[in-house]
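Numbering (our numbering), first residue to last: 658 to 820. For every residue, glycine included, the Cβ atom is placed at its ideal position computed from N, Cα and C. Encoded as structure tokens, the structure appears first; notes follow it.
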């Protein structure tokens, strides 16, 4: 997966990418939509599953598999898919970027969730923390020896054991 992603970046075929760690597709789609300037439409029934018995909410929230969600321009999609095939990484189109400002989630043809895409900017918390080098670091670094004693040889160790 790592090599595949590095290859995708080098080919400049990815406009955005997000891992499906915490909260799975629900978080990845929200974060990708908030980083862009449009909306997003996603079809959960297109998501490859290891377990066909998963319910819709489980598909949306599943974080059990190592997965990534990428935003790719339609003109670059074939090159993207060729790179994923070369690395034997399964890739499936599960959605599209839209002109609107909404994140829409479908199950088959039914709209199951629609909301304004999250907005990044002044509404998120901004922390202004003082940054200062701790005074104790200089003393700590000064006490580190510049040379280290040679490790004991096997003969030294045997002699210590027999004493």
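Just mark residue 815 as buried or exposed, buried being the case when its beta carbon has 16 or more other beta carbons within 10 Å. Position 158 of the chain shown holds residue 815. It is exposed - the Cβ of residue 815 has fewer than 16 other Cβ atoms within 10 Å.
On the three-state DSSP scale, how would you describe residue 734? Along the chain shown, one-based indexing puts residue 734 at 77. Residue 734: helix per DSSP, three-state reduction.
Residue 798 lies in the alpha helix (DSSP H); which residues open and close that run? As a working note, residue 798 is residue 141 in the chain shown. Unbroken alpha helix (DSSP H) run through residue 798: 793-799.
Alpha carbon to alpha carbon, what distance is there between residue 700 and residue 765? Locating residue 765 in the chain shown gives position 108, counting from the first residue. Locating residue 700 in the chain shown gives position 43, counting from the first residue. Each residue's Cα considered, the two are about 7 Å apart.
Determine the extent of the beta strand (DSSP E) in which residue 760 is found, giving its start and end residues. Walking along the chain shown from the start, residue 760 turns up at place 103. For residue 760, the enclosing beta strand (DSSP E) starts and ends at 759-764.
Name the residue from 707, 808, 774 whose alpha carbon lies nearest to the alpha carbon of residue 687. Within the chain shown, numbered from 1, the residue matching residue 687 stands at position 30. Distance check between residue 687 and each of 707, 808, 774 places 774 closest, using alpha-carbon atoms only.
Span of the alpha helix (DSSP H) around residue 815: By 1-based counting over the chain shown, the position of residue 815 is 158. Per DSSP, residue 815 belongs to the alpha helix (DSSP H) from 811-818.
Do the stretch 689-706 and the stretch 751-758 meet, that is, are 3 or more Cβ pairs less than 8 Å apart? Yes, since at least three Cβ pairs between the stretch 689-706 and the stretch 751-758 fall closer than 8 Å, the two stretches touch.
Report the option in 679, 662, 818 whose CA atom is closest to the CA atom of residue 738. Looking up residue 738 in the chain shown gives position 81. Closest by alpha carbon: 662.
Short Cβ contact (7 Å threshold) for residue 689 with residue 678: Here residue 689 refers to the residue found at position 32 of the chain shown. Here residue 678 refers to the residue found at position 21 of the chain shown. Against a cut-off of 7 Å, the Cβ pair of residue 678 and residue 689 comes out as no contact.
Using DSSP with H/G/I as helix, E/B as strand and the rest coil, what is residue 755? Residue 755 sits at position 98 when you count from the first residue of the chain shown. Note: residue 755 maps to strand in three-state DSSP.
Which whole runs of the alpha helix (DSSP H) in the stretch 683-721 are 4 residues long or more, in chain order? Runs of the alpha helix (DSSP H) inside the stretch 683-721: 713-718.
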